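Novice: A single structure is presented below for examination.
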Amino acid sequence: MTNHLLQNLIDSIYTNYPNVCDPWEIVAIVEALGYTDKTIESDFGCPNALVLGQFIYAQREQFPFAETATRFDKGQPTFKDELDIFFAQFFHSFIYTIPFIILLILNYLPVDKTSDFLPPELNSLFGFVTMASLIASGGFVQMISRRGLFYIGLKANAQANRICNSILAMGIFTTILLSSFGVLFSFYQEIATDRYTIVAGIYYLVLSIIWMLFAIVGLQNRFAAPTILIGVTCCFFIFRFFFKLSALESQIAMISIAFVSLIVLFIFNQIEHRSIRPKFGQIVPLPRLSVLIYLLIPYFLYGIVYFGFIFADRLVANIAVAGHLRAIAGNNLDYQNSMDLALLNLLLIVPFVEYCSYKMVMFWYDRAKNMTLAEIDGLSWQLQKKYWLLLSRILLYFGLLMSIVIILLSILQRSQIDNALTIFACLGYLLFAIGLFNTVILLSLDRLYDILGILTTATIIDFIVGYLLSSLFGVYLAAIGLVIGASFFAITSSQKILKAIERPEYCYFYSGY
C-alpha cells in the first residue's frame, strides 16, 4: 500500500507540475498538500520531506513530458509579424516627436511677421518655463503612466481612472504651489518685469497640467493624444503662415487650443466612466495615500531626474554666463538652436531604442520561460549575443540620423547653428539613448533604484561639469557636461545589464519572478 500511495503522489505531482526545477520545489509542493514529516514517515517510510522530495525528483525520468510540457513552439515570426511589432513600438513614441519636428522646421522657414502683440523678451522666459514644467510634472506623469497601466493590465479600468484622478489632483495642487512660489521669487529677485512674471507663471501652470492630462488621456484612448498633438501643430502652421503671427504668439495659441481640447476630452471620459455601472467585484478599495506615495515615489523621482538631465546643460548655460539669477530669463540663441537640432536626434532615436528594448525583454522572457535546468548555462551567452546585436543596430540607426543632420546643416548654413556643437551634442544624446536602452531592460527586472541612482549621479555630473566649464571658458562648453554625464549613464547602466546577464536565474530570483 505504501508503494501505491507513493506512486499516486508522484503521478499527481508530475501531472500538475510537469516542469519542476529542483527537489526543493517538490518539497514545497508536498508540504502545500498538507503532508508533515510525521505523516510522510508513516505513509511513505521517509524520514522527512527533503528526502521524499529528492526521491520524487529522481523519478522524473519516468515522465518524458516533465521538462518539455511548458515548451510551446510558436515558430519563427514572419516578416509581417516583425513589421507589426516594429510599427507598434516605434510609432508609440514617434508620434509625440512629430510636433517638435514640424515646429523646428517652421522656425527655419522665412515668414513675414506682421503681428507684434507680444514682446520678444517673453520668448526666452517661456523657454525656461517650458523646461521647468517638463521637469516638475515629469514625476507625476510617470506616476500616472505606471499606476494607470498597472490597473489597465488587470482589466480594472475604473480603478485606473480613480487612481489617475487622485495623482492628477496631487499634481495640480503641487503645480499651483510651485507656480505661486516662482512668481513671488521672481518678484523678490526682479528676474523679470512683473507683468512678464505673471504671464510666465500662468504659462507654467497651463503647461504642467497639459503634460499630466496628456498622460491620462493617453491611457484612456491611445489615439486621442496623438490626434490632439497633430491637430494643434496644424493650428500652429495656420497661425504662423496664414495669420502672420510670430512664433511666440502662434505657440501660445497652440497651447491654448491643446489645453481646451484636453479638458473637454478629460471631462467627456469622466462622464463616460460614471455612466458605466460596475459589475459585482469590480470596485476594489484603492491603497491608502501613504502606501501609494511609498510605491510611486521612485517613479516620481525618476521622471524629474530624466528631464532634469536632458535640460541640465541649457539651464547652466543660461545661469553660469551672467552669474546671477536674472540669467534664467536670458537666452543664447546660437547655443539654443544648435542644441535643438541635436535634441531632434534624441527624439528620433528614442522610438527605435524602445523597439530594441522591447525585443530584448521579450527575447529574455521567452527563453527563460521555455528554459530547462540543463540549458540554463547557455542562456547567458544567448542574452549577451542578443544584447550586443541590438546595441549595434542602435548605433547604425544613429549613424543614419547623424548623416541626415550633417546634410541638414550643409543645407541650412544659418548663423544660429554651430555645426561642431550640434555634432558633439549628438554624441551625448547617443550615449543617453544607450542608457535608456539599458534602463528599459533594468526596469523589467525591477531594478528601478539602480537606475534612479545612476541617472541622478549622471545629472549631478552634467550640472557641475557644465556649470564650471561654461562659467570659466564659455557657454558652448556646457555641452561637455552633457557628454560626460551621458557617458557615465551609458557605461554604468551597461555594466549593470551585463552583470545581470551573467546570472540570469539569480537576477530573476532577485527581482521576485
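Quick note on the working numbering: the sequence shown kicks off at 801 and runs consecutively.
Every residue gets a Cβ at the ideal spot worked out from N, C-alpha and C, and that includes glycine.
Predicted model only: the values in this text are computed from it and were never measured.
Please report the distance separating the alpha-carbon of Thr1292 from that of Ile1052.
Specialist: Here residue 1292 is taken as the residue at index 492 of the sequence shown, counted from 1. Here residue 1052 is taken as the residue at index 252 of the sequence shown, counted from 1. Thr1292 and Ile1052: Cα-Cα distance of roughly 41 Å.
Novice: Check this for me: beta carbons of Arg1193 and Cys1226, under 8 Å apart or not?
Specialist: Numbered from 1 along the sequence shown, position 393 holds the residue referred to as residue 1193. Numbered from 1 along the sequence shown, position 426 holds the residue referred to as residue 1226. No. Outside cutoff.
Novice: Under the three-state reduction of DSSP, which class applies to Pro823: helix, strand or coil?
Specialist: Translated into the one-based positions of the sequence shown, residue 823 becomes position 23. Three-state DSSP puts Pro823 in a helix.
Novice: Using a threshold of 8 Å, state whether the C-beta atoms of Met998 and Leu968 are closer than that.
Specialist: Locating residue 998 in the sequence shown gives position 198, where the first residue counts as 1. Locating residue 968 in the sequence shown gives position 168, where the first residue counts as 1. For clarity, residue 998 is Ile in the given sequence; the question names Met instead. No.
Novice: Just the Cα atoms here: how many angstroms apart are Leu984 and Ser1050?
Specialist: Numbered from 1 along the sequence shown, position 184 holds the residue referred to as residue 984. Numbered from 1 along the sequence shown, position 250 holds the residue referred to as residue 1050. Computed Cα separation, rounded: 28 Å.
Novice: By the DSSP assignment, the alpha helix (DSSP H) with Gly1274 in it spans what residues?
Specialist: The sequence position of residue 1274 within the sequence shown is 474, counting from 1. Taken as a continuous stretch (DSSP letters only), Gly1274 belongs to no alpha helix (DSSP H), as it is neither H nor E.
Novice: From Ser1138 to Thr1222, what distance separates their C-alpha atoms?
Specialist: Taking the sequence shown and counting its residues from 1, the one referred to as residue 1138 is at position 338. Taking the sequence shown and counting its residues from 1, the one referred to as residue 1222 is at position 422. One C-alpha to the other measures close to 5 Å.
Novice: Anyone know if the C-beta pair for Ser1270 and Ala1258 falls short of 8 Å?
Specialist: For the purposes of this step, residue 1270 is taken as the residue at position 470 of the sequence shown. For the purposes of this step, residue 1258 is taken as the residue at position 458 of the sequence shown. Contact: no.
Novice: Note down the Cα distance separating Thr993 from Thr1027, rounded to an integer number of angstroms.
Specialist: Here residue 993 refers to the residue found at position 193 of the sequence shown. Here residue 1027 refers to the residue found at position 227 of the sequence shown. Approximately 37 Å between the Cα atoms of the pair.
Novice: Using the C-alpha atoms, what's the distance from Phe1037 back to Ser915?
Specialist: The count along the sequence shown starts at 1 and reaches residue 915 at position 115. The count along the sequence shown starts at 1 and reaches residue 1037 at position 237. Residue placement at Ser915 is poorly supported in this model, since its pLDDT is 49, which falls under 50; the coordinates are not used for a value here.
Novice: Take Phe1080 and list the residues in its own chain whose beta-carbon comes closer than 7 Å to its own, dropping the five residues that flank it on each side.
Specialist: For this step, residue 1080 is matched to residue 280 along the sequence shown. Here the model assigns Phe1080 a pLDDT of 47, short of 50, so the residue's position is not dependable, and the following value carries that caveat. For Phe1080, same chain residues with a beta-carbon under 7 Å away, outside a window of 5 residues either side, do not exist.
Novice: For Gln807, which option in Val851, Phe855 and Asn848 has the closest C-alpha, if you only look at C-alpha atoms?
Specialist: Within the sequence shown, the letter at position 7 stands for residue 807. Answer by Cα proximity: Phe855.
Novice: Under 8 Å, do Leu925 and Tyr1004 count as touching if we go by C-beta distance?
Specialist: Sequence index remark: in the sequence shown, residue 925 carries index 125 (1-based). Sequence index remark: in the sequence shown, residue 1004 carries index 204 (1-based). Their beta carbons are not under 8 Å apart, which means Leu925 does not touch Tyr1004 by this criterion.
Novice: Going by C-alpha distance, which of Phe1237, Met1162 and Cys846 is nearest Gln1182?
Specialist: Locating residue 1182 in the sequence shown gives position 382, counting from the first residue. The shortest Cα separation from Gln1182 among Phe1237, Met1162 and Cys846 belongs to Met1162.
Novice: Nearest-angstrom Cα distance between Gly939 and Thr930?
Specialist: Taking the first residue of the sequence shown as 1, we reach residue 939 at position 139. Taking the first residue of the sequence shown as 1, we reach residue 930 at position 130. Approximately 15 Å between the Cα atoms of the pair.
Novice: Measure the alpha-carbon distance for Tyr817 versus Gly853 and round it to whole angstroms.
Specialist: What you label residue 817 is simply residue 17 of the sequence shown in a count that begins at 1. What you label residue 853 is simply residue 53 of the sequence shown in a count that begins at 1. Roughly 13 Å separates the two Cα atoms.
Novice: Tell me the DSSP secondary structure of Asn1021 in three-state form.
Specialist: What you label residue 1021 is simply residue 221 of the sequence shown in a count that begins at 1. Looking at Asn1021 - three-state DSSP - the assignment turns out to be coil, as it is neither helix nor strand.
Novice: Measuring only the C-alpha atoms, how far is Leu805 from Pro1304?
Specialist: Sequence index remark: in the sequence shown, residue 805 carries index 5 (1-based). Sequence index remark: in the sequence shown, residue 1304 carries index 504 (1-based). A direct Cα-to-Cα measurement between Leu805 and Pro1304 gives close to 38 Å.
Novice: Of the choices Leu978, Ala960, Trp1164 and Ser1008, whose alpha-carbon is the least far from that of Ser937?
Specialist: By one-based count along the sequence shown, residue 937 stands at place 137. Among Leu978, Ala960, Trp1164 and Ser1008, the Cα nearest to that of Ser937 is on Ser1008.
Novice: Alpha helix (DSSP H) containing Asp843: first to last residue?
Specialist: The residue given as residue 843 occupies position 43 in the sequence shown. It spans Asp837 to Phe844 - the alpha helix (DSSP H) in which Asp843 sits, taken as one unbroken run.
Novice: Spatial neighbours of Asn961 within its chain, please: CB distance less than 8 Å, with the 5 preceding and 5 following residues excluded, ordered by chain position.
Specialist: Residue 961 sits at position 161 when you count from the first residue of the sequence shown. Excluding sequence neighbours, Asn961 sits near Gln1020, Asn1069, Gln1070 and His1073.
Novice: Using the beta-carbon count (16 or more within 10 Å), is Asn1238 buried or exposed?
Specialist: As a working note, residue 1238 is residue 438 in the sequence shown. Buried, since its Cβ has 16 or more Cβ neighbours within 10 Å.
Novice: For a test of the three-state rule: what should DSSP assign to Ser1046, helix, strand or coil?
Specialist: If you number the sequence shown from 1, residue 1046 lands on position 246. DSSP places Ser1046 in coil when its eight states are reduced to three.
Novice: Tell me the DSSP secondary structure of Ala866 in three-state form.
Specialist: For this step, residue 866 is matched to residue 66 along the sequence shown. Here Ala866 scores only 44 on pLDDT, less than 50, and its place in the model should not be relied on; the value that follows carries that caveat. Note: Ala866 maps to coil in three-state DSSP.
Novice: Any contact between the segment 1283 to 1299 and the segment 1136 to 1154? By contact I mean 3 or more CB pairs, one from each, below 8 Å.
Specialist: Touching, no, given that fewer than three Cβ pairs across the two stretches are closer than 8 Å.
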